[in-house]
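Residue numbers (the numbering used here): 11 to 147.
The structure under discussion appears below in the form of structure tokens.
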Ligand code: CMP
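What follows is the structure, encoded as structure tokens:
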């Protein structure tokens, strides 16, 4: 069974669609192996998105990710990384296919409702960033 990390971002938490987003995962064969709601610090957000630190949008991304609480989850299932990315839709909600999470719940490329690991390797790193082994079932 494969695992991947998902973050419900501050815009979606603020809108009150945590349950609707989790339902997309559970209805499509992804189990919630771990879940918690937390407020990222600036330091957390900079470290989590360090791979983007040279990109022009880095400052805005960090500011947005600390603008309110997030929900972090470990999703588990067959081909979880790809399945999660299909369910999320394109990074820019304007380009996301109808019926995807970002098409339905996101406003802009910054406030895009959700983050998901882009590879199995990054999933492992991102899961370890947020969860200890004993928190994942
Ligand atoms: P996420 O999957 O969380 O990974 C990095 C985030 O940076 C991305 O979603 C977007 O919310 C944000 N972002 C802002 N501008 C861009 C851009 N031009 N290209 C990619 N990501 C962007």
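The beta-carbon is built from N, C-alpha and C at its ideal position, and this holds for glycine as well.
Rounded straight-line distance, which links the Cα of residue j to that of residue i
{"i": "residue 141", "j": "residue 47", "result": "12 Å"}
{"i": "residue 99", "j": "residue 116", "result": "10 Å"}
{"i": "residue 150", "j": "residue 45", "result": "The question about residue 150 has no answer, for the chain in this structure spans 11 to 147."}
{"i": "residue 49", "j": "residue 20", "result": "9 Å"}
{"i": "residue 106", "j": "residue 134", "result": "26 Å"}
{"i": "residue 69", "j": "residue 128", "result": "21 Å"}
{"i": "residue 6", "j": "residue 33", "result": "In the structure displayed, the chain extends from 11 to 147; residue 6 sits before or after that span and is not available."}
{"i": "residue 71", "j": "residue 137", "result": "20 Å"}
Residue i - DSSP class collapsed to helix/strand/coil
{"i": "residue 23", "result": "helix"}
{"i": "residue 88", "result": "coil"}
{"i": "residue 75", "result": "helix"}
{"i": "residue 11", "result": "coil"}
{"i": "residue 47", "result": "strand"}
{"i": "residue 225", "result": "Any answer about residue 225 is impossible in this case: the structure gives the chain only from 11 up to 147."}
{"i": "residue 146", "result": "coil"}
{"i": "residue 28", "result": "helix"}
{"i": "residue 63", "result": "coil"}
Integer-rounded CB distance, given that residue j should sit under 8 Å from residue i
{"i": "residue 16", "j": "residue 94", "result": "6 Å"}
{"i": "residue 55", "j": "residue 76", "result": "5 Å"}
{"i": "residue 111", "j": "residue 119", "result": "So it is not a contact: roughly 14 Å between Cβ atoms."}
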